[in-house]
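Mapping of the sequence shown onto our numbering: residues 4 to 302, in sequence order.
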Amino acid sequence: RAAGRESPMAARQPFTDTDTADEAVRATCDDATTCKRFATSKGYWKDPYIQYFVRSVGDRKAPEINRGYYARVQGVNHLLDAFLRKTQCDSQVINLGAGLDTTFWRLKDENLMPRKFFEVDFPTVVARKIHNIKTKPPLSKPIIETHSTDSLLLDAHSLESDRYCIIGADLRDISSLDEKLKKFQLNPELPTLLLSECVLVYMTPSQSSNLVHWAAETFHTAMFINYEQKDRFLKTGWEHVDALDMMTVYSMLPQDDVARIERLEFLDEKELLQQLLQHYNICWATKDKLNLGNAHFNT
């Protein structure tokens, strides 16, 4: 869900047991998707699939927000693509709190598909995504093309095909999460990339530590990309952690493309962008024998 969960209140409002709090977290899915929809409509990056989840471009977003999303999307894509190339796609990806993310379709178009791509989110979010997939052929056709049998396993809160799986689950309930992933052929022996862009901040410290620890314990070779602190990973079984603030990431992205997007909209106060990007970081933790952590931004 990339930069959608950017409220300054986020760090002070972890998950509680109330339905209201959970609903507020689910609403961030819409925030992220509408921001991405606007940024892509302005030409910051290409995403031909997001229109099938959010029809309207919506209200104008400030240029620094659009550039912030650009930095986050490109930064995560760089690490994800480097992981897939390093493992020659003989790997799996788990997007925790995936929302209405369209990465599966991008990877399919770019012939960079892992052996299986998993997504996990609240059942209500998953139900909405599955409904969109069922009713929009541009979304369903690529899934069917990667599936070997006539029928997909599909119900209101899960979708399973050979290469793509969506699961409705609560990330705070580790035993249920583990059970559901294994039911849908998760393979702990495969190199695994876990993506959790802005999820852990909405959990209590013990809940998020449990999730990070479960990932370290479950997979022999793994990489975990997120926007959290390094310490959390080093304390829960990960061997190596790197982190960069988003301003540094922005400066390391291909500068011809950065120059292109900076021409799209005039930015009055560049200090605002700098403050915004310095406030967030991207962090990647590894536990591996393949030097997966060497997927740095200067490649």
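Every residue gets a Cβ at the ideal spot worked out from N, C-alpha and C, and that includes glycine.
Which of helix, strand or coil DSSP assigns to residue i
i, result
"ALA288", "strand"
"MET248", "First, the amino acid is wrong: residue 248 is Asp here, not Met. Note: ASP248 maps to strand in three-state DSSP."
"ALA218", "helix"
"PHE187", "coil"
"PHE227", "strand"
"LEU280", "helix"
"THR207", "coil"
"SER164", "coil"
"SER59", "coil"
"ASP50", "coil"
"LEU180", "helix"
Option in the options with minimal Cα separation from residue i
i, options, result
"THR224", "GLY61, THR90 and ASP33", "THR90"
"ASP50", "LEU103, ILE97 and PRO66", "LEU103"
"LEU83", "LEU196, ASP291 and CYS286", "LEU196"
"LEU174", "CYS92, GLY78, ALA101 and ASP291", "ALA101"
"LYS137", "LEU155, PRO126, PHE121 and ARG235", "LEU155"
"ASP34", "GLY46, TYR47 and ARG63", "ARG63"
"ASN98", "GLN278, LEU198, TRP217 and LYS132", "LEU198"
"CYS201", "ASP93, VAL76 and HIS216", "VAL76"
"ALA172", "TYR253, LYS273, ARG166 and PRO126", "PRO126"
"ALA65", "CYS286, GLN281, LYS290 and LYS273", "LYS273"
"GLN54", "LYS132, ILE170, LEU193 and SER94", "LYS132"
"THR289", "ALA219, GLN188 and SER94", "ALA219"
"SER254", "ILE68, ALA74 and CYS38", "ALA74"
Extent of the continuous alpha helix (DSSP H) run through residue i
i, result
"ASP112", "106-112"
"LEU237", "233-237"
"GLU265", "258-265"
Rounded C-alpha distance that separates residue i from residue j
i, j, result
"SER178", "HIS150", "28 Å"
"PHE56", "HIS134", "10 Å"
"SER164", "LEU184", "13 Å"
"LEU110", "MET116", "5 Å"
"GLN232", "TYR52", "31 Å"
"ILE3", "LEU203", "No answer is possible for residue 3: it lies beyond the span of the chain, which begins at 4 and ends at 302."
"GLY240", "VAL123", "22 Å"
"MET249", "PHE269", "20 Å"
"VAL60", "PHE41", "5 Å"
"TRP108", "ALA246", "27 Å"
"THR251", "THR152", "46 Å"
"ARG8", "LEU162", "Bear in mind that a pLDDT of 40 at ARG8, under 50, signals an unreliable position, so the model cannot answer this."
"ALA262", "PHE120", "33 Å"
"GLN258", "ASP158", "44 Å"
"ARG118", "ASP112", "15 Å"
"ALA85", "PHE227", "13 Å"
"ASN284", "GLY78", "10 Å"
"LYS186", "GLN278", "44 Å"
"LEU142", "VAL128", "16 Å"
"THR303", "ASN80", "Absent from the structure is residue 303, since the part of the chain shown begins at 4 and ends at 302."
"ASP176", "GLU242", "25 Å"
Segment limits, beta strand (DSSP E) that includes residue i
i, result
"TYR167", "167-171"
"LEU270", "Looking at the DSSP string, LEU270 is not in any beta strand (DSSP E), and its letter there is neither H nor E."
"LEU198", "195-199"
Q | Completely contained alpha helix (DSSP H) runs for the region 77-155, where each covers 4 or more residues | A | 106-112, 126-138 and 140-148
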